[in-house]
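**Q**
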Amino acid sequence: DVKVTQSSRYLVKRTGEKVFLECVQDMDHENMFWYRQDPGLGLRLIYFSYDVKMKEKGDIPEGYSVSREKKERFSLILESASTNQTSMYLCASSLWTGPDTQYFGPGTRLTVL
Amino acid sequence: GQQLNQSPQSMFIQEGEDVSMNCTSSSIFNTWLWYKQDPGEGPVLLIALYKAGELTSNGRLTAQFGITRKDSFLNISASIPSDVGIYFCAGPSNTGNQFYFGTGTSLTVIP
Numbered sequence: 026d027v028k029v030t031q032s033s034r035y036l037v038k039r040t041g042e043k044v045f046l047e048c049v050q051d052m053d054h055e056n057m058f059w060y061r062q063d064p065g066l067g068l069r070l071i072y073f074s075y076d077v078k079m080k081e082k083g084d085i086p087e088g089y090s091v092s093r094e095k096k097e098r099f100s101l102i103l104e105s106a107s108t109n110q111t112s113m114y115l116c117a118s119s120l121w122t123g124p125d126t127q128y129f130g131p132g133t134r135l136t137v138l
Numbered sequence: 103g104q105q106l107n108q109s110p111q112s113m114f115i116q117e118g119e120d121v122s123m124n125c126t127s128s129s130i131f132n133t134w135l136w137y138k139q140d141p142g143e144g145p146v147l148l149i150a151l152y153k154a155g156e157l158t159s160n161g162r163l164t165a166q167f168g169i170t171r172k173d174s175f176l177n178i179s180a181s182i183p184s185d186v187g188i189y190f191c192a193g194p195s196n197t198g199n200q201f202y203f204g205t206g207t208s209l210t211v212i213p
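Protein sequence lines, in the order shown, are assigned to chains A and P. Its first residue numbered 26, the first sequence is counted upward by one per residue in my numbering. Its first residue numbered 103, the second sequence is counted upward by one per residue in my numbering.
1) Within 8 Å (strictly less), CB to CB, does G88 (chain A) reach chain P?
2) How many angstroms separate the CA atom of Y137 (chain P) from the CA atom of I188 (chain P)?
3) Output yes if chain A places a C-beta closer than 8 Å to the C-beta of T210 (chain P); else output no.
4) For T40 (chain A) versus V137 (chain A), is the C-beta distance shorter than 8 Å?
5) So is F156 (chain A) in contact with chain P if we call contact Cβ pairs under 8 Å?
6) Can you check which of these residues, A:E104, A:D76, A:K80, is closest to M53 (chain A) by C-alpha distance?
7) Can you tell me whether DSSP reads Q116 (chain P) as helix, strand or coil?
8) Taking 8 Å as the CB-CB limit, is T205 (chain P) close to chain A?
9) Three or more C-beta pairs under 8 Å: does that hold for the segment 47-66 of chain A against the segment 119-134 of chain P?
10) Using 8 Å as the cut-off, can you tell me whether the segment 106-119 of chain A makes contact with the segment 128-136 of chain A, which would need three or more C-beta pairs spanning the two stretches below that distance?
11) Can a CB atom of chain P be found closer than 8 Å to the CB of G41 (chain A)?
12) What does L115 (chain A) touch in chain P if you count any residue whose Cβ is under 7 Å from its own?
13) I need the straight-line Cα distance from S118 (chain A) to S195 (chain P), nearest angstrom please.
14) Tell me the residue span of the beta strand (DSSP E) that contains E94 (chain A).
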């Protein structure tokens with residue numbers, strides 16, 4: 026089975042801190058994604074990557090950056106966390122071909138105080 | 103990005119009842135996906151639809167790809183407590199490497 030793991034299930038940070046969220050997949054997938062999930066808004070795409078060192082902005086990239094140095098790992102970085110970034114963050118991966126092959130991690134619930 | 107609207111936003115039903123939810127888009131999709139998110143977990147794919155008018159079942163779940171390609175429907179028959187969760191519709195971009203998700207329907211099943 027495909028496994029997508031995220032470094033933390035729960036995280037509490039203070040305003041202004043730099044925050045790293047890590048995601049690792051074990052199926053050699055080309056595409057990796059970061060979403061945030063907020064009640065009533067569904068999943069909104071922050072960034073995605075279709076190859077090592079490649080990244081594309083999603084719908085809400087402001088306040089975030091990403092890093093993909095290895096194929097299996099995709100990191101989301103909050104350079105200076107703010108309270109409006111309190112949310113559930115979901116990582117996903119997929120094969121290059123086939124829209125029905127997106128697999129999600131369990132999510133990281135981030136609280137910024 | 104694309105906006106997918108789901109309704110209803112939430113549902114509270116008795117165990118054994120049937121459930122219907124839908125998803126609409128302002129533009130055409132060539133594929134519709136339905137995911138379920140259990141509490142505290144990431145979404146998991148339930149059903150994928152590839153053709154307008156297509157009706158696909160997965161156990162007690164049945165999904166339909168709308169004729170206009172701008173909507174899709176999910177039905178759950180004889181609901182059980184483990185059906186609790188958030189149901190999302192999704193559609194891929196034209197390039198296939200982005201996915202647009204609906205706002206979600208939260209389902210609560212009362213035993």
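Cβ coordinates follow ideal geometry from the N, Cα and C atoms, glycine included.
**A** This is what the structure gives:
1) no
2) 8 Å
3) Proximity of T210 (chain P) to chain A, defined by a Cβ-Cβ separation below 8 Å, is not satisfied.
4) The answer is yes: Cβ separation under 8 Å.
5) A question about residue 156 (chain A) goes unanswered here, because the residues of chain A that appear run from 26 up to 138.
6) Checking the sequence shown, residue 53 (chain A) turns out to be Asp, not Met. When each option's Cα is compared against that of D53 (chain A), the closest is A:D76.
7) The answer is strand: DSSP assigns Q116 (chain P) an E or B state.
8) yes
9) no
10) yes
11) Closer than 8 Å: no.
12) G144
13) 15 Å
14) Counted as a single uninterrupted DSSP element, the beta strand (DSSP E) harbouring E94 (chain A) occupies residues 90-95.
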